[in-house]
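Just so you know, the protein sequences line up as chains A and B, in that order.
Reminder that position 35 of the first sequence reads as 33 in the numbering used here, one-by-one numbering, no gaps.
In the numbering used here, each residue carries its 1-based index in the second sequence increased by 14.
Here is the structure we will look at.
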Amino acid sequence: MNNISVTDLRLKFPGEDALVFKDLSFSVQSGEKVLMLGPSGCGKSTLLQVLSGIIPNSIELPMKATSIQLPDSWGFVFQDPDTQFCMTYVDEELAFVLENLQVQREEMAPRIEEVLKRVDLHLIDAHTPINEMSQGMKQRLALASVLLLEPDVLFLDEPSALLDPEGTQQIWTSIKEATADKTVIIVEHKIDLIADWVDRVVLFNDHGVILADGSPADIFANFQEELKRYGIWYPGVWEEYKTSDAFQLMMLNRQVVSSQEKIHIEDFHGYRGLVEKISAKHATVQAGDWITIVGENGSGKSTLLLSLMQLLRTNGVYEVNGVAIVWKKKKRQLPKGLSLVFQNPELQFVTNSITEELTVSLHGMPKADADMYAKELMRLFNLPDSVSRHPYQLSTGQKRRLSVATALTPSTDILLLDEPTFGQDARNTFAILEKLEQLRTKGMTILMVTHDTEIVENFATAVWTVVDGVVHTANGVGGAKSV
Amino acid sequence: MQRVFNWFTPKRETWLFRVNPALKFIVFFAFLIITLVNQSLPFAISQAILYGILFYIFSGYSLKKLLLLSIPLVISFLSTGLTMLLFGKGETVLWQWGLLKISEESIQHALLLGSKSLSFGFVGFTFILTIQPVLFFYAMMQQFRLPSKYAYSFIAAFRLIPAVTEELQIRRNALKVRNIQFSKGFRGIYERLQSYTVPLFAQSIRRAQRIAVAMEAKQYQMGAARTYYYPTRYTGVDMVFLLVMICSLSSAFLLSIYR
Chain A
-1 MNNISVTDLR LKFPGEDALV FKDLSFSVQS GEKVLMLGPS GCGKSTLLQV LSGIIPNSIE
59 LPMKATSIQL PDSWGFVFQD PDTQFCMTYV DEELAFVLEN LQVQREEMAP RIEEVLKRVD
119 LHLIDAHTPI NEMSQGMKQR LALASVLLLE PDVLFLDEPS ALLDPEGTQQ IWTSIKEATA
179 DKTVIIVEHK IDLIADWVDR VVLFNDHGVI LADGSPADIF ANFQEELKRY GIWYPGVWEE
239 YKTSDAFQLM MLNRQVVSSQ EKIHIEDFHG YRGLVEKISA KHATVQAGDW ITIVGENGSG
299 KSTLLLSLMQ LLRTNGVYEV NGVAIVWKKK KRQLPKGLSL VFQNPELQFV TNSITEELTV
359 SLHGMPKADA DMYAKELMRL FNLPDSVSRH PYQLSTGQKR RLSVATALTP STDILLLDEP
419 TFGQDARNTF AILEKLEQLR TKGMTILMVT HDTEIVENFA TAVWTVVDGV VHTANGVGGA
479 KSV
Chain B
15 MQRVFNWFTP KRETWLFRVN PALKFIVFFA FLIITLVNQS LPFAISQAIL YGILFYIFSG
75 YSLKKLLLLS IPLVISFLST GLTMLLFGKG ETVLWQWGLL KISEESIQHA LLLGSKSLSF
135 GFVGFTFILT IQPVLFFYAM MQQFRLPSKY AYSFIAAFRL IPAVTEELQI RRNALKVRNI
195 QFSKGFRGIY ERLQSYTVPL FAQSIRRAQR IAVAMEAKQY QMGAARTYYY PTRYTGVDMV
255 FLLVMICSLS SAFLLSIYR
């Protein structure tokens, strides 16, 4: 095993003026567990790719360094579980790594079996389609394929950012078990499970400069202000947020907005093809309600939203604002007043600029009014007021806020959201929640799928639980003081 | 999407499944070239019958599925045949009405072209129905030295099909939710094309690049020696396959000469 180090690193993205790193020096002792923290876009992930040699070997970027010492053997786990595999089945994917290492075929099956055990993936048959696994299982498969390389050093680039709490727990448990004797370098925002496991925390500022480098206890005690500003989910961030003035003020004003019934459901069923995927016996939603929809992966939460939005075939009694909704196959218009925000913001953008994006659905509104309306939304959601900026060029947090803003036309009074805070850093999460609360107090009704128990406890006025395609409602759960 | 893949599970695995997929590809390819250059009508018809036997009897799929797959074959037979029949050149005119003209030669040509298109359909479907894509590329790498970078690009692309169809579905729903109304006529087609292709391409390119980096991170190296999880080699079945194919093609040829 050897140390990893880089001295006086300079690196720049083509087409951008500023350097990502200017004379950065950094080193890691063998066997160390290092956590790198910093605001998004500060270059942590880029540094991880430089230290592994992915830059410049696989991704060509102009860079130079006085000296650089790369590890002999390393493995890399990426953020997105869906873009790490090239094969269709679990065993084939692991075999791909073994083939690269020129392991003889006879040795492959036992090694595949052994490594799956090491990451706690207990499959009945290793020939399981990767697509049928949960995101958490996919990340453990990614870890397994990396462990087959027998690496001295492990690079982890936000491996739990796109996982639900259960998946997050599992991946970190597996990582801790499998890497006891290895050097591990981690970039991650969600750190409550690893904060006391790592030996060393390195904090970067916006300009790719190391602000602090020390033990976890030291960093978490002395740099809270920075951690908060950079949106890092450090241990206790929710507790701290709950004591903040902004939150306290919001909670003071949580009276019942109205008792007007917005949605009424009686014996409602939603279908994909011919198969019933979701059903609800009885449920009502009132104006100003904030309903969180919880449940395990694949239980039917997203299907419920699609059914309410009439994007799937439904039957049963379903009223929106007192109007009965009847499913028609060739329907041009979706139910009035309802809007849905999907998980992937990019797939919802339809125009080439932020302003257009916010005005395109305002059919029949005079242009001047529409522009005023867009300006108002941009202010409300802290979006850059730029005429030429393409929606794809926004940061992840901005994209998410824009996707929520696009759903708000003057006629929208019920907002359906599919995990709007998923994968977001702490600052963006609180920003989105505050905007939604602001809308709610003005009479907006919110139905939101989430995995985050803190959101359920602190913001929901009611919780619906979806179990195996059945909606269970129980009003008055959680921290809602008003209902 | 999984349903589409499941549809391609045969009722029973015939001997054609056990033939080395790369060999099957080369043989079928060579035979189709013969079909293409052949100008004799009797030979073309007997070839179509031969490949029809392969398709209907030895593909191992239920008759219902085979009949369903026959629909496009019949359509292509009729469309190529009819065009040739009605507009083909010929001296011995049998029937004429304006531009439409049927002659003895045009009937001959129609049947020739129709049989060829049938042969292509039968062979193509038989091949697709009796191989597993992954094994096919493994065999191409092992038996025919196909560079692994091409094989893995196809395999990885195959894996991405479900993701793309799912995104297409989401995009369609998102456009509905955003209440996007397209113009009428050609402009509308252009708008629709643009609003689907741009985001789907952006996503696909990004995904492809990430997968490529992930593959290299798993120490995949272009051109490096590698071992194979699925060994594909020649077996007795391949010999039988070769013999059967050559014998039946030769007898089809002889039959067409000595009628």
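Where is the CB? At the ideal position from N, CA and C, for every residue including glycine.
Is residue i helix, strand or coil by DSSP?
i	result
Thr439/A	helix
Trp288/A	strand
Ser90/B	helix
Val48/A	helix
Leu338/A	strand
Ala165/B	helix
Ser480/A	Residue confidence is low: Ser480/A scores 37 on pLDDT, short of 50, so the model does not pin down where it sits. No coordinate-derived value is stated.
Ser132/A	coil
Glu111/A	helix
Gln396/A	helix
Considering only C-alpha positions, which residue in the set the options is nearest to residue i?
i	options	result
Glu417/A	Thr427/A, Ser409/A, Leu306/A and Ile189/A	Thr427/A
Leu483/A	Ile66/A, Ile122/A, Trp170/A and Ser401/A	This structure cannot speak to residue 483/A, because chain A is shown only from -1 to 481.
Ile261/A	Ala210/A, Pro333/A, Leu209/A and Val235/A	Pro333/A
Gln157/B	Trp21/B, Pro176/B, Asn34/B and Leu108/B	Asn34/B
Arg192/B	Val182/A, Ser337/A and Gly421/A	Ser337/A
Asp287/A	Leu209/A, Met442/A, Gln77/A and Gln167/A	Met442/A
Ala16/A	Val318/A, Leu225/A and Gly41/A	Gly41/A
Leu108/B	Leu126/B, Ala58/B, Leu77/B and Ser117/B	Ser117/B
Val101/A	Val258/B, Ala239/B, Gly250/B and Phe267/B	Ala239/B
Gln233/B	Thr404/A, Leu431/A, Ser56/A and Ser386/A	Ser56/A
Lys433/A	Ser132/A, Val315/A, Phe379/A and Arg398/A	Phe379/A
Met248/A	Ala458/A, Val88/A, Val18/A and Val464/A	Ala458/A
Quick one: does residue i have its CB under 8 angstroms from some CB of chain B?
i	result
Gln133/A	no
Tyr390/A	yes
Thr86/A	yes
Glu111/A	no
Ser158/A	no
Thr404/A	yes
Ala372/A	no
Met376/A	no
Gln346/A	yes
Ala93/A	yes
Glu90/A	yes
Are residue i and residue j close, meaning C-beta to C-beta below 8 angstroms?
i	j	result
Phe141/B	Lys25/B	no
Gly263/A	Ala281/A	Going by the sequence as given, residue 263/A is Ile instead of Gly. Yes; because the gap between Cβ atoms is below 8 angstroms, this pair is in contact.
Leu49/A	Phe153/A	yes
Tyr164/B	Glu90/A	no
Arg116/A	Lys62/A	no
Tyr204/B	Arg185/B	no
Leu303/A	Leu406/A	no
Thr301/A	Gly268/A	yes
Ile121/B	Val148/B	no
Ile453/A	Thr419/A	yes
Phe340/A	Gln331/A	no
Leu87/B	Leu125/B	no
Residues in its own chain within less than 7 angstroms of residue i by CB, not counting five upstream and five downstream?
i	result
Trp195/A	Lys31 and Lys174
Asp190/A	Trp231 and Pro233
Ser262/B	Leu64
Ser197/B	Glu205
Does chain A have any CB closer than 8 angstroms to the CB of residue i?
i	result
Lys163/B	no
Gln122/B	no
Val178/B	no
Ala228/B	yes
Thr241/B	yes
Arg224/B	yes
Report all residues from its chain with a CB closer than 6 angstroms to the CB of residue i; omit the five preceding and five following residues, and keep chain order.
i	result
Asp197/A	Glu30 and Lys31
Arg425/A	Gly229
Met85/A	Glu91 and Phe94
Asp211/A	Val200
Ala372/A	Thr353, Leu356 and Thr357
Tyr390/A	none
Can you name, in chain order, every residue of its own chain whose Cβ lies under 8 angstroms from the Cβ of residue i, other than the five neighbours on each side?
i	result
Ile53/A	Leu9, Thr44, Gln47, Leu59 and Met61
Gly74/B	Pro24, Lys25, Arg26, Glu27, Thr28, Leu30, Phe31, Leu143 and Thr144
Ile169/A	Gly134, Gln137, Arg138, Leu141, Pro157, Ser158 and Leu161
Gly467/A	Glu274, Lys275, Ile276, Ser277, Ser297, Gly298 and Thr301
Does the Cβ of residue i lie closer than 7 angstroms to at least one heavy atom of the ligand SAH?
i	result
Tyr371/A	With respect to the ligand SAH, the structure offers nothing, as it holds no ligand at all.
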